[in-house]
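Under the numbering used here, the first residue of the sequence shown carries the number 92, and numbering increases by one thereafter.
Quick reminder that beta carbons are idealized off the backbone N, C-alpha and C, glycines included.
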Amino acid sequence: MSAVPDYLQNIRIVLSRTSHPANIGAAARAMKTMGLSQLVLVSPNIMATPMTPEPPEFIAEHAADFRLPEESFILASGAVDVLEQAKVVATLPEALTGTVLSCALTSRRRELTTPLQTPRELTPSLLAAAQNGQTVALVFGNETFGLSIDEVQQCNRLMTISGNPNYFSLNLAQAVQVVCYELFSQVNADMSHLIPERNLATTDQVAGMVRHLEQTMEELDFFKRRNQERMVRRLHALFNRADTTTEDVDILRGFFRKVSEKIAKTQD
């Protein structure tokens, strides 16, 4: 079973008037890391950078023909497919077509009546809508100026990422990562693929290891003035409680052999 729910395809990330080509690629990478793949670019205003000295010009009348520079694809790393499938439009209303919930990401105080909520507070309703087959949009503004008042008013939810009030400076891709993580953290995805396979040792394997340990302890005169039978029983109980694996047995028995070899050398 896939750890990524299909309904996450109903959530789109909208980047409005993004200027740095690297941010677009890094945002795509942040999305794919958290199971999202629907990216919409609104009127990208690509700036010149050392890697992109001649940035592509966006022409509204030919929005569908716009192509991102190589820098974006390099920063996307393994999320190139997200960029290749990204939709490019001229206006925010086009990007929000068909959406039921649209969240404007902002960190500025605005004279708006819509309540300001954190990603954690909004995520349950966003996921519920996506599960019901409804389209959800998360709208991020330009790196320098953020979303305009007009863009914010076109959304029906206001989302903000809380942080240090004395210094709050999230990069665009970082903001996308934070929001996408919050979404994915609440989908209750199957994480069993992250659990390493454990091969529990059989009863006879554990017993053989304990006998080997007992033999090594005898060679060290460890049981001198100690109750050997009682101590060995406790060792059995210890390894049974520990859910000892075959790898544990191999490591310990290898160690016991080394100890025995050292003892034999000192006795020669």
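Write down the C-beta distance between residue 261 and residue 214 rounded to the nearest angstrom, noting that I regard them as a contact closer than 8 Å.
Contact doesn't hold; Cβ gap of about 18 Å is too wide.
Using beta-carbon positions only, say whether residue 193 and residue 113 come within less than 8 Å of one another.
no
Taking the alpha helix (DSSP H) that residue 322 belongs to, which residues open and close that run?
Residue range 319-332 is occupied by the alpha helix (DSSP H) that includes residue 322.
Using 8 Å for Cβ pairs, my map puts residue 121 next to residue 264. What's the rounded Cβ distance?
6 Å
Starting from residue 275 and walking both ways along the alpha helix (DSSP H), at which residues does that stretch end?
263-276
Assign residue 125 to one of two classes, buried (16 or more other C-beta atoms within 10 Å of its C-beta) or exposed (fewer than that).
buried
Taking the straight line between their C-alpha atoms, what separation do you get for residue 218 and residue 184?
22 Å
Cβ contact check for the segment 224-244 and the segment 174-188: 3 or more pairs under 8 Å:
yes
Assuming residue 180 and residue 131 are in contact, meaning their beta carbons sit under 8 Å apart, how far apart are those beta carbons, in whole angstroms?
6 Å
Spatial neighbours of residue 135 in its chain, beta-carbon cut-off 6 Å, leaving aside the 5 residues before and after:
109, 149
Tell me whether residue 168 is buried or exposed, calling it buried when 16 or more other Cβ atoms sit within 10 Å of its Cβ.
exposed
Apply the 10 Å Cβ neighbour rule to residue 242 and answer buried if 16 or more other Cβ atoms are within range, or exposed otherwise.
buried
Are there 16 or more other CB atoms within 10 angstroms of the CB of residue 331, so buried, or fewer, so exposed?
exposed
Can you tell me whether DSSP reads residue 226 as helix, strand or coil?
strand
What number of angstroms, rounded off, separates the C-alpha of residue 128 from the C-alpha of residue 223?
18 Å
If we require 3 or more residues per run, which beta strand (DSSP E) segments fall completely within the segment 134-181?
178-180
Near residue 360, what residues of its chain come up, given a Cβ to Cβ distance below 8 Å and the 5 sequence neighbours on each side ignored?
Absent from the structure is residue 360, since the part of the chain shown begins at 92 and ends at 359.
So, is residue 306 buried or exposed, given that buried needs 16 or more other C-beta atoms within 10 angstroms?
Residue environment for residue 306: exposed (fewer than 16 other C-beta atoms within 10 angstroms of its C-beta).
Residue 96 versus residue 159: straight-line alpha-carbon distance, rounded:
Spanning the two alpha carbons is a distance of roughly 29 Å.
Taking C-alpha atoms, which residue in 139, 175, 182 lies nearest to residue 153?
182
Out of 258, 268, 197, 337, which has the shortest C-alpha to C-alpha gap to residue 45?
Absent from the structure is residue 45, since the part of the chain shown begins at 92 and ends at 359.
Excluding sequence positions up to five away, which residues of its chain have a Cβ less than 7 Å from the Cβ of residue 334?
Closer than 7 Å at Cβ, skipping near neighbours: 291.
8 Å Cβ cutoff met for residue 133 and residue 106:
yes
Considering only residues of the same chain and omitting the five flanking positions on each side of residue 351, which have a CB-CB separation below 7 Å?
These residues qualify, in order along the chain: 307, 310.
Same chain only: Cβ atoms within 6 Å of residue 123, ignoring 5 sequence neighbours per side
170, 173
Residue 211 to residue 145 span [Cα, whole Å]:
40 Å
Using the Cβ count rule (16 or more neighbours within 10 Å means buried), how would you classify residue 358?
exposed
Considering only their Cβ atoms, is the gap separating residue 104 from residue 267 smaller than 8 Å?
yes
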